[in-house]
Amino acid sequence: MNVVVCVKQIPDPAVPGELTSDHRLKRDGAKAILDESDSYGVEMALQLVDKAGSGEVILVSMAPNGEVSGLRQALAMGAARAVLVSDDALAGADALTTSKILAKAVERAGGADLVLAATESSDGYTGTVPAQVAELLGWPSLTFAKQVDIADGKVTIQRQTEAGYDVVEASLPAVVSVTAGVVEPRYPSFKGIMAAKSKPVDQVTASDLGVATGATGQEITAVTQAPERQAGEKIEDDGTGFERVVAFLEDLKVI
Amino acid sequence: MKIWVFAESENSNPTTATLEMVTKARELGGTIEAVYVGTDADAVATGLGEYGVSKVHAVDPQGGLVGVVGAAAIAGMVDAEAPDLILFAQTYDGRDAIARLSARLDRTVLTNGMSLAVDGDSVTVGTAVFGGTLLVDAKFTGEKPYLAAIRPKSFAAEPGGATTASVAQVGTVDAGRGGEAKVLERHVEEREGPKLEEAAVVVSGGRGIGEEANYGPLVDSLANLLSGASGASRAIVDAGWVPYSKQVGQTGKTVKPKVYIALGISGATQHMVGMKGSDNIIAINKDGEAPIFSVADLGIVGDVTKVVPQLIEAIKAKG
Ligand SMILES: Cc1cc2nc3c(=O)[nH]c(=O)nc-3n(C[C@H](O)[C@H](O)[C@H](O)COP(=O)(O)OP(=O)(O)OC[C@H]3O[C@@H](n4cnc5c(N)ncnc54)[C@H](O)[C@@H]3O)c2cc1C
Ligand SMILES: Nc1ncnc2c1ncn2[C@@H]1O[C@H](COP(=O)(O)O)[C@@H](O)[C@H]1O
Numbered sequence: 001m002n003v004v005v006c007v008k009q010i011p012d013p014a015v016p017g018e019l020t021s022d023h024r025l026k027r028d029g030a031k032a033i034l035d036e037s038d039s040y041g042v043e044m045a046l047q048l049v050d051k052a053g054s055g056e057v058i059l060v061s062m063a064p065n066g067e068v069s070g071l072r073q074a075l076a077m078g079a080a081r082a083v084l085v086s087d088d089a090l091a092g093a094d095a096l097t098t099s100k101i102l103a104k105a106v107e108r109a110g111g112a113d114l115v116l117a118a119t120e121s122s123d124g125y126t127g128t129v130p131a132q133v134a135e136l137l138g139w140p141s142l143t144f145a146k147q148v149d150i151a152d153g154k155v156t157i158q159r160q161t162e163a164g165y166d167v168v169e170a171s172l173p174a175v176v177s178v179t180a181g182v183v184e185p186r187y188p189s190f191k192g193i194m195a196a197k198s199k200p201v202d203q204v205t206a207s208d209l210g211v212a213t214g215a216t217g218q219e220i221t222a223v224t225q226a227p228e229r230q231a232g233e234k235i236e237d238d239g240t241g242f243e244r245v246v247a248f249l250e251d252l253k254v255i
Numbered sequence: 001m002k003i004w005v006f007a008e009s010e011n012s013n014p015t016t017a018t019l020e021m022v023t024k025a026r027e028l029g030g031t032i033e034a035v036y037v038g039t040d041a042d043a044v045a046t047g048l049g050e051y052g053v054s055k056v057h058a059v060d061p062q063g064g065l066v067g068v069v070g071a072a073a074i075a076g077m078v079d080a081e082a083p084d085l086i087l088f089a090q091t092y093d094g095r096d097a098i099a100r101l102s103a104r105l106d107r108t109v110l111t112n113g114m115s116l117a118v119d120g121d122s123v124t125v126g127t128a129v130f131g132g133t134l135l136v137d138a139k140f141t142g143e144k145p146y147l148a149a150i151r152p153k154s155f156a157a158e159p160g161g162a163t164t165a166s167v168a169q170v171g172t173v174d175a176g177r178g179g180e181a182k183v184l185e186r187h188v189e190e191r192e193g194p195k196l197e198e199a200a201v202v203v204s205g206g207r208g209i210g211e212e213a214n215y216g217p218l219v220d221s222l223a224n225l226l227s228g229a230s231g232a233s234r235a236i237v238d239a240g241w242v243p244y245s246k247q248v249g250q251t252g253k254t255v256k257p258k259v260y261i262a263l264g265i266s267g268a269t270q271h272m273v274g275m276k277g278s279d280n281i282i283a284i285n286k287d288g289e290a291p292i293f294s295v296a297d298l299g300i301v302g303d304v305t306k307v308v309p310q311l312i313e314a315i316k317a318k319g
């Protein structure tokens, strides 16, 4: 069984984010890393392929400037190879354009039985890409999975809901988005890190995939500073701090 | 302007998130219609009518995922019905629906909306980035219908414009292979007290509560005592101490209670974006430099395992 994982390479979130003059997320400068949300998908894919006994884990990613550092992290975890789409024309791409690229990249990767993605990315968090990719591929989308099982050509997930979870099933091939914390992502071994350096990364452009770039149908009109909330009083607890809380709640008539 | 709302329900009533969008649509003016995927459309339509929805397009879920079937149904109707703007709640099913519809219709999406403005034909959606420190407005420039997803709790829900919503049954929908995803079972987790998003008091615990076993005696107890709901930071959700449904923040719920009490939560931007809109914030944290204090109306620099039991006793003593 072959599993394709969508992995986003994002600027290190430990470095505070900035917008460029044309209101895009600044992506140069900070070193790109594998979005932590996607490390769960990579781990899940490795486990599923391992369980199936054959097949490989293939990565697809769209990132500027031929960025591979995040891909190398995932390759070091054990993925076999990657398709990277990098193209200046994709700067400022919206979620749908990204999805068109990823859907074509999945086809280029070849032979996928399952596509995994995270429920939302850490930097953009549009939160629509997995289901958009599924619709473009014409496949079922099973979203917000907190457990994934594959058997007899079917995928069954526990899908997070407002009230608890639903058990949802579909035949393969399908797209599944996984929530954070579903599995414990492994740390790459030294051997893995060395091996990752020579694993194949197939780098292509949007036009190689036949995806049109250009107008996205949306435009940023204003960026403003959010009003800041003022801090109130802050006291050191000397054993009577709870009394201040009681008084505060009484003032509000909560108690 | 003809605005459609992708309606969701709970116990045959429209969800609060749905009614928030309907209320906002009423303020923007024009015709408001809903698309509802479920077998109890008549009951849900009654609730929607009280908020000004004039017509409900009812879709049979056919055992599939509400968002997937809904998207296919809407795609089949837009040419004839010509809605200008379709609103979805930023929820599990709402996200499925807007995503699949976007790909079907080849339209961009604006998601995580927290404000919405209409000026003639132009529609602007406002979102917060970088943990709510920057507000970004974006407008649609392509073809209609425009597709936007709105974060719950962005608008108030108020009844008005009461009408009797007519229910138009939409015929069988072909969702293609998307429709092959079937819901086999539903598991409902027990919940006591008010819903997290609707409670007047929310008490949330973070890693600073120390261990899983402390959540009940510290966080749940205080929440129950104040007739509130208990919430959590992502740190303890990821650690498996409490279910995801309790998570407050960017990837969890937005809450705006009268009082938010943060226990042992540092105040990461991703957490604060989900609770900064609370009327009053109380924080208890042993680190006086914790960012949570920058938004707290009352900050206690102290140990939650000491302060909270004292607080609980004092409130109980007041009876
Ligand atoms: C893409 C993305 C999305 C995210 N979404 C969310 C989200 O939706 N919600 C969310 O909450 N987080 C979210 N996070 C995670 C967020 O960045 C923080 O990691 C998380 O909120 C930290 O949780 P915490 O405050 O409980 O833990 P910590 O940051 O570890 O803080 C624990 C605090 O407890 C205090 N403490 C320790 N012991 C005691 C004691 N005995 N008494 C009192 N205080 C004590 C410490 O001083 C510290 O301030 C997200 C992160 C990313 C990258
Ligand atoms: N540029 C990208 N490259 C690879 N995967 C992506 C990209 N953008 C989004 N994804 C995948 O889609 C998920 C949801 O992204 P989003 O809809 O942007 O929040 C991410 O967590 C990734 O798994």
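As given, the protein sequences belong to chains B and S, one line each in that order. The first sequence maps to residues 1 to 255 in the numbering used here. The second sequence maps to residues 1 to 319 in the numbering used here. Just so you know, even glycine gets a beta-carbon here, dropped at the ideal spot from N, CA and C.
Kindly say whether residue i, judged by its beta-carbon, lies nearer than 8 angstroms to any beta-carbon of chain B.
i	result
residue 6/S	no
residue 37/S	no
residue 189/S	yes
residue 265/S	no
residue 244/S	yes
residue 98/S	yes
On a CA-only basis, which of the options is nearest residue i? Give me that one, please.
i	options	result
residue 102/B	61/B, 200/B, 121/B, 138/B	61/B
residue 258/S	105/S, 182/S, 39/S, 199/S	199/S
residue 165/S	47/S, 20/S, 307/S	47/S
residue 168/S	35/S, 316/S, 64/S, 276/S	35/S
residue 41/B	181/B, 51/B, 164/B	181/B
residue 125/B	251/S, 175/S, 233/S	251/S
residue 104/S	117/S, 77/S, 90/S	77/S
residue 177/B	119/B, 252/B, 1/B	119/B
residue 234/B	293/S, 272/S, 279/S, 267/S	293/S
residue 8/B	140/B, 47/B, 99/B, 15/B	99/B
residue 144/B	67/S, 33/S, 304/S	67/S
residue 229/B	125/S, 95/S, 277/S	277/S
residue 129/S	305/S, 315/S, 309/S, 271/S	271/S
residue 154/B	75/B, 160/B, 163/B, 167/B	167/B
residue 316/S	229/S, 56/S, 280/S, 221/S	221/S
residue 164/B	287/S, 150/S, 186/S	186/S
From the DSSP output, read off the bridge partner residues of residue i.
i	result
residue 10/S	13/S
residue 203/B	84/B
residue 115/S	126/S
residue 137/S	222/B, 126/S
residue 34/B	9/B
residue 307/B	Only positions 1 to 255 of chain B appear in this structure, which leaves residue 307/B out of reach.
residue 57/B	3/B
residue 141/B	175/B
residue 281/S	260/S
residue 73/B	Beta-bridge pairing links residue 73/B to no other residue.
Please work out which residues of its chain come closer than 6 angstroms, Cβ to Cβ, to residue i, disregarding the five sequence neighbours upstream and downstream, and give them in chain order.
i	result
residue 226/S	201
residue 200/B	81
residue 261/S	203, 282
residue 84/B	61, 201, 203
residue 154/S	114
residue 267/S	290, 291, 292
Counting contacts by CB-CB distance shorter than 8 angstroms, is residue i in contact with chain S?
i	result
residue 138/B	yes
residue 132/B	yes
residue 21/B	no
residue 237/B	yes
residue 126/B	yes
residue 216/B	yes
residue 107/B	no
residue 111/B	no
residue 149/B	no
residue 51/B	no
residue 88/B	no
Taking 7 angstroms as the limit between beta carbons, can you name the residues of its chain near residue i, skipping five residues before and five after?
i	result
residue 128/B	95
residue 218/B	94
residue 47/B	183
residue 256/S	153, 277, 278
Near residue i, what residues of its chain come up, given a Cβ to Cβ distance below 8 angstroms and the 5 sequence neighbours on each side ignored?
i	result
residue 160/S	23, 26, 51, 52
residue 223/B	19, 23
residue 63/S	182, 183
Just to make sure I have the definition right: I need the residues of chain C whose C-beta is within less than 7 angstroms of the C-beta of residue i. Which are they?
i	result
residue 229/B	Given the protein chain composition of this structure (B and S), no chain C is represented.
Around ligand 1, what residues have a beta-carbon under 5 angstroms from a heavy atom of it, in chain order? Qualifying residues, in the order they occur: 122/B, 206/S, 207/S, 208/S, 233/S, 234/S, 235/S, 249/S, 250/S, 251/S, 252/S, 264/S, 265/S, 266/S, 268/S, 270/S, 271/S, 285/S, 286/S, 287/S, 290/S, 303/S, 304/S.
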